[in-house]
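Enquirer: In full-length UniProt numbering, the protein residues as written are 1 to 277.
So this is what it looks like as C-alpha cells:
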C-alpha cells in the first residue's frame with residue numbers, strides 16, 4: 001500500500017505501515033503509535049519527498065495493491081497515471097481538504113475495517129467533545145484560522161472553509177464568521193491572500209488562530225491597519241508557534257486529535273474568554 005499525504009495518521013490506527021523513513025524525525029504521536037506497533041523507524045522503507053512532484057517510478061517499483069491519496073493535492077493527470085499502477089483513492093472533498101472523519105471513514109472502507117472505523121470516529125468525537133466542554137465560553141463564538149507574518153504585515157492569508165483547519169474549529173464548537181464564508185465563496189483554494197487595507201471586513205471574528213512567533217500579536221496590535229480588527233485589538237488571538245508540535249496538528253488527523261486537542265482547546269478557551277469581557 002502507498003499513502004500519498006503529509007502524515008500517516010489515517011492508516012496507523014489500523015496497525016498498518018505504509019510509509020518510510022524521514023530525515024526530520026517523527027511527531028510524538030506518530031512515534032508513540034510506531035512503538036505500540038513494535039515498528040523500529042530504522043526498519044522503514046525509504047520515504048520520498050513529494051513537495052514538488054510524485055515519484056511515479058518509485059511508486060510503480062513498490063508494486064502497491066492500492067494507493068491512498070486522500071488529504072493530498074494530486075491532480076487529475078497524476079490520478080490517471082497512478083490509477084494505471086494500482087487502484088487509487090483520490091481526495092474526496094477538495095485538494096488538501098478532506099476532514100479527519102472523512103479520512104477515517106474512507107480509509108476504513110478501503111481496508112475492509114468499517115466497524116473499526118466507526119469506533120474510531122466515535123472515540124475521536126468524544127475526545128473533541130470532552131475537550132471543548134471544559135471551555136463553555138467557546139459556545140456561540142466565531143473563529144477563523146489566518147496566517148500573519150510579522151515581517152510583512154501589509155497582507156495576510158485567510159484559510160477558507162475548504163480547508164480542514166477552520167473545519168476543526170467547527171468541530172470544537174466555534175461558528176464560521178460570515179466574512180470568512182464570503183471570502184470562501186470567491187475561491188476554490190484552501191486559502192486566500194488579503195490586503196491589510198481590507199482588514200476591517202473581518203470585524204465579525206471573535207477569535208483568530210494564526211501561526212507565528214511570540215512577538216507576532218504585539219506587532220499586529222501596533223499595525224495601523226490590522227489593529228482595526230477587534231480580535232487583534234482585544235488580544236483574542238491564538239498564536240501557534242511555528243516550531244511547536246501543535247503547529248503540526250491544526251489540520252487535525254486521527255492521532256494528532258488524541259494527542260493535542262486538549263492543549264488546543266485550552267488556548268482557544270483562553271482567547272474566547274477575552275471576548276465580551
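By construction, the Cβ of each residue, glycine as well, lies at the ideal position given by its N, Cα and C atoms.
In this text, all values refer to a predicted model and were calculated from it rather than measured experimentally.
Verify whether the separation of the beta carbon atoms of residue 268 and residue 138 is less than 8 Å.
Expert: yes
Enquirer: Mind the definition here: the segment 204 to 211 touches the segment 129 to 148 only if three or more C-beta pairs lie below 8 Å; say whether that holds.
Expert: yes
Enquirer: Compute the Euclidean distance between the alpha carbons of residue 223 and residue 153, then round it to the nearest angstrom.
Expert: 8 Å
Enquirer: Write down every uninterrupted run of the beta strand (DSSP E) in the segment 235 to 259 whose length is 3 residues or greater and which is fully enclosed by it, in chain order.
Expert: 237 to 241
Enquirer: Less than 8 Å between C-beta atoms, sequence neighbours within five positions excluded: which residues of the same chain meet that for residue 204?
Expert: 142, 177, 178, 179
Enquirer: Excluding the 5 residues preceding and the 5 following residue 87 in the sequence, name in chain order all residues of the same chain whose CB lies nearer than 6 Å to its CB.
Expert: 66
Enquirer: According to DSSP, is residue 88 part of a helix, a strand, or is it coil?
Expert: strand
Enquirer: Report yes or no: do the segment 222 to 241 and the segment 159 to 175 share at least 3 C-beta pairs separated by less than 8 Å?
Expert: no
Enquirer: Compare the C-alpha of residue 263 against each of 254, 249, 151, 69 and name the closest.
Expert: Nearest option by C-alpha distance: 249.
Enquirer: By the DSSP assignment, the beta strand (DSSP E) with residue 212 in it spans what residues?
Expert: 207 to 212
Enquirer: Let me confirm a value: residue 297 is counted as buried when at least 16 other C-beta atoms fall within 10 Å, else exposed. Which label applies?
Expert: Residue numbering for the chain in the displayed model covers 1 to 277; residue 297 lies beyond these limits and cannot be assessed.
Enquirer: Please list the segments of the alpha helix (DSSP H) lying wholly inside the segment 161 to 201, counting only runs of 4 or more residues, in order along the chain.
Expert: 164 to 171, 178 to 184
Enquirer: Excluding the 5 residues preceding and the 5 following residue 155 in the sequence, name in chain order all residues of the same chain whose CB lies nearer than 7 Å to its CB.
Expert: 193, 194, 195, 196
Enquirer: Check whether the Cβ atoms of residue 58 and residue 85 lie closer than 8 Å to each other.
Expert: no
Enquirer: Would you kindly report the start and end of the unbroken alpha helix (DSSP H) that includes residue 119?
Expert: Per DSSP, residue 119 is one residue of the alpha helix (DSSP H) stretching across 114 to 133.
Enquirer: For residue 98, is the classification buried or exposed, using 16 other Cβ atoms within 10 angstroms of its Cβ as the cut-off for buried?
Expert: Buried is the call here.
Enquirer: Give the DSSP-derived three-state secondary structure of residue 19 in the structure shown.
Expert: In this prediction, residue 19 scores a pLDDT of 48, lower than 50, which makes its location untrustworthy; the coordinate-derived value is nonetheless stated afterwards. Coil at residue 19, not helix or strand.
Enquirer: What distance in whole Å lies between the Cβ atoms of residue 164 and residue 241, which are believed to be in contact at a cut-off of 8 Å?
Expert: Contact flag wrong, Cβ pair sits at about 20 Å.
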